[in-house]
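Per numbering that gives the first Met the number 0, the very first residue in the sequence shown carries number 0; after that it's consecutive. The structure appears below as structure tokens.
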Amino acid sequence: MMSIQEAAHALSAKWGGKNVLFTGVSTDSRTIKHGELFVALSGKQFDGHQFIASARDQGAVAALVERRMDIGQSLPEFGWLEVADTRLGLGQLSAYWRTRFSLPLVAVTGSNGKTTVKEMIASIFRKAVMANVEGNDLASDRVLATFGNLNNDIGVPQMLLRLREQHAYAVIEMGMNHAGEIAYLTRLTHPTVAVITNAGAAHIEGLGSVEAIARAKGEIFEGLSDKGVGIINADDDHASLWRSLVKSRHIIDFSLNSPAQVTACYQSDSSGNRWMLKLPEGSEEIRLQVPGQHNIYNALAAAATAVAVGIDKHTIVSGLQAFCGVQGRLQKKLGLHQATLIDDTYNANPESMKAALAVLANEPGKKVLVLGDMGELGPNAADFHHQIGVEANHFGIDQLLTLGSLSKHAAVGFGRGARHFPTMEALLVEAEKLLDINVNMLVKGSRFMQMERVIRRLEA
0 MMSIQEAAHA
10 LSAKWGGKNV
20 LFTGVSTDSR
30 TIKHGELFVA
40 LSGKQFDGHQ
50 FIASARDQGA
60 VAALVERRMD
70 IGQSLPEFGW
80 LEVADTRLGL
90 GQLSAYWRTR
100 FSLPLVAVTG
110 SNGKTTVKEM
120 IASIFRKAVM
130 ANVEGNDLAS
140 DRVLATFGNL
150 NNDIGVPQML
160 LRLREQHAYA
170 VIEMGMNHAG
180 EIAYLTRLTH
190 PTVAVITNAG
200 AAHIEGLGSV
210 EAIARAKGEI
220 FEGLSDKGVG
230 IINADDDHAS
240 LWRSLVKSRH
250 IIDFSLNSPA
260 QVTACYQSDS
270 SGNRWMLKLP
280 EGSEEIRLQV
290 PGQHNIYNAL
300 AAAATAVAVG
310 IDKHTIVSGL
320 QAFCGVQGRL
330 QKKLGLHQAT
340 LIDDTYNANP
350 ESMKAALAVL
360 ANEPGKKVLV
370 LGDMGELGPN
380 AADFHHQIGV
390 EANHFGIDQL
400 LTLGSLSKHA
410 AVGFGRGARH
420 FPTMEALLVE
430 AEKLLDINVN
440 MLVKGSRFMQ
450 MERVIRRLEA
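As structure tokens, this is what we get:
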């Protein structure tokens with residue numbers, strides 16, 4: 000809770016109206032809650048200043064604005080803060096609020112796996128809290144973890160402003176599509192632990208090369224204090240770059256193929272992964288509920304993070320074993336005619352596509368891939384899609400159904416057994432014909448393709 004006057008001091012902002020207390024912030028006048036501060040963002044397609052009155056009607060008690068308009072005259076009981084840029088003002092306010100808290104705060108980024116790693120870390124943190132409180136609900140209330148896709152320069156400040164004295168741990172996800180974005184977010188967040196899962200071709204359109212992506216991800220270490228800890232994937236080609244960016248701070252690395260502080264020996268099966276987790280404290284056998292070698296890497300990143308904040312190995316194992324997956328990420332569902340659907344529709348890039356193919360390849364019976372376009376791959380996008388088709392064939396996938404102007408190149412790369420469809424409806428009709436009890440159908444594509452429509456149509 001903060002007063003308008005205190006916020007004005009933090010922002011060096013003009014203020015007026017009533018010096019009210021606000022309990023949170025929102026950028027959406029439709030979902031704002033009573034007692035919150037409305038942040039009037041301006042964009043190419045919208046202007047939040049047009050919705051100030053609406054936000055007030057929904058319960059907002061004040062607004063952060065770039066121009067006062069007639070707030071004082073039309074809403075005399077309403078508080079206001081005036082700054083040059085509300086987007087930057089939101090960030091500055093969150094950075095000020097962050098300084099009130101001394102809890103372990105983890106920042107996570109990476110081309111693939113950051114949401115899963117974030118949720119694995121949160122699961123471990125909840126188990127750590129449960130050692131001191133009774134009940135899962137109370138444990139959840141004491142761990143703050145990024146909601147949904149609030150991982151950009153608007154979402155991260157909103158998450159930081161949700162910090163409360165009750166929180167024992169926090170884990171904040173950071174996304175990016177251009178250089179400098181992670182640097183900005185980590186300066187707001189000041190993490191005690193910073194994690195990079197990996198670097199790949201996701202967002203290569205905006206940065207030009209995987210090397211540039213790796214360097215942009217490495218900006219996360221700029222916000223670490225001198226006592227902060229960097230978590231690094233020792234198997235990534237850019238590990239040495241990241242080590243140099245951590246500088247003199249402490250590093251905990253994880254690996255499946257190289258010497259590291261956190262490693263694993265594993266066996267994979269269709270129901271999950273059973274393996275031996277090796278930590279500085281000792282080894283522990285563990286079984287994950289989620290499939291794929293990529294999820295072992297995700298678990299190692301989460302385990303290394305937990306080691307960094309002093310959590311014991313038994314709690315780490317308990318937290319990882321409790322993790323049951325993230326919506327839209329390799330979730331098995333019952334399809335029509337008793338087929339198995341593998342819902343991996345949340346997003347797609349070349350690396351996550353290969354990881355998903357490896358999971359599908361391990362399934363018994365007939366294997367079908369339904370693929371939508373992968374976005375933000377730059378001038379080589381067609382080649383990336385063609386290569387996915389080639390790799391799907393090499394993995395032993397039986398059939399490939401594609402949708403989108405780029406995915407037709409995957410069909411060409413796959414060869415015989417691939418079909419490209421001009422519309423979603425045409426694809427759905429054919430996909431349903433293929434379903435029976437012996438079929439495993441993986442559905443994947445970038446967010447803009449909305450491939451979850453396939454799951455909704457074909458789910459039992």
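Ideal Cβ positions, reconstructed from N, Cα and C, are used throughout, including at glycine.
Item                                                                                                                                                                                   : Value
Exposed or buried, residue 395, counting other C-beta atoms within 10 Å across all chains shown (16 or more means buried)?                                                             : exposed
Between residue 290 and residue 85, what straight-line distance do the alpha-carbon atoms span, to the nearest angstrom?                                                               : 43 Å
Buried or exposed: residue 29, going by 16 or more other Cβ atoms within 10 Å of its Cβ?                                                                                               : exposed
What did DSSP end up calling residue 5 once you bin it into helix, strand or coil?                                                                                                     : helix
Could you tell me the boundaries of the alpha helix (DSSP H) in which residue 129 lies?                                                                                                : 113-129
Label residue 422 either buried or exposed according to how many other C-beta atoms from any shown protein chain fall within 10 Å of its C-beta, with 16 as the threshold for buried.  : exposed
Between which two residues does the alpha helix (DSSP H) holding residue 413 run?                                                                                                      : 406-413
For the structure I just gave you, are there three or more beta carbon pairs, one from the segment 85-97 and one from the segment 34-45, closer than 8 Å?                              : yes
If you pair each beta-carbon of the segment 440-453 with each one of the segment 332-352, do three or more pairs fall below 8 Å?                                                       : yes
Give the straight-line distance between the Cα atoms of residue 397 and residue 377, rounded to the nearest whole angstrom.                                                            : 29 Å
Indicate whether the contact test is met: 3 or more Cβ pairs, each with one atom in the segment 243-254 and one in the segment 142-160, closer than 8 Å.                               : no
Does the distance from the CB of residue 172 to the CB of residue 375 come in under 8 Å?                                                                                               : no
Do you know whose CA, among 4, 369, 411, 389, lies nearest residue 428's CA?                                                                                                           : 369
Identify the residues that DSSP records as bridge partners of residue 398: which are they?                                                                                             : 367
Is the separation between the beta-carbon of residue 116 and that of residue 300 shorter than 8 Å?                                                                                     : yes
How about residue 343 and residue 441: are their beta carbons less than 8 Å apart?                                                                                                     : yes
How is residue 80 classed by DSSP in three states: helix, strand or coil?                                                                                                              : strand
Can you confirm whether the segment 325-333 touches the segment 172-185 when touching is taken to mean that 3 or more C-beta pairs between the two stretches lie within less than 8 Å? : no
Enumerate, from N- to C-terminal direction, the unbroken alpha helix (DSSP H) stretches of 4 or more residues contained entirely within the segment 293-371.                           : 312-321, 349-360
Quick one: grab the DSSP three-state call for residue 221.                                                                                                                             : helix
Can the beta-carbon of residue 106 be found closer than 8 Å to that of residue 219?                                                                                                    : yes
Could you have a look at residue 194 and say whether DSSP puts it in helix, strand or coil?                                                                                            : strand
To the nearest angstrom, how far is the alpha carbon of residue 131 from that of residue 452?                                                                                          : 43 Å
For a test of the three-state rule: what should DSSP assign to residue 201, helix, strand or coil?                                                                                     : coil
Since residue 249 is in the beta strand (DSSP E), which residue starts that stretch and which ends it?                                                                                 : 249-254
Classify residue 26 as buried or exposed, calling it buried when 16 or more other Cβ atoms lie within 10 Å of its own Cβ.                                                              : buried
Based on the DSSP output, what are the partners of residue 46 in its beta bridges?                                                                                                     : 41
With 16 other CB atoms within 10 Å as the buried threshold, where does residue 180 fall?                                                                                               : buried
For residue 282, which residues does DSSP report across the bridge?                                                                                                                    : 277
State the Cα-Cα distance for the pair residue 20 and residue 359, rounded to the nearest angstrom.                                                                                     : 53 Å
From the DSSP output, read off the bridge partner residues of residue 25.                                                                                                              : 37
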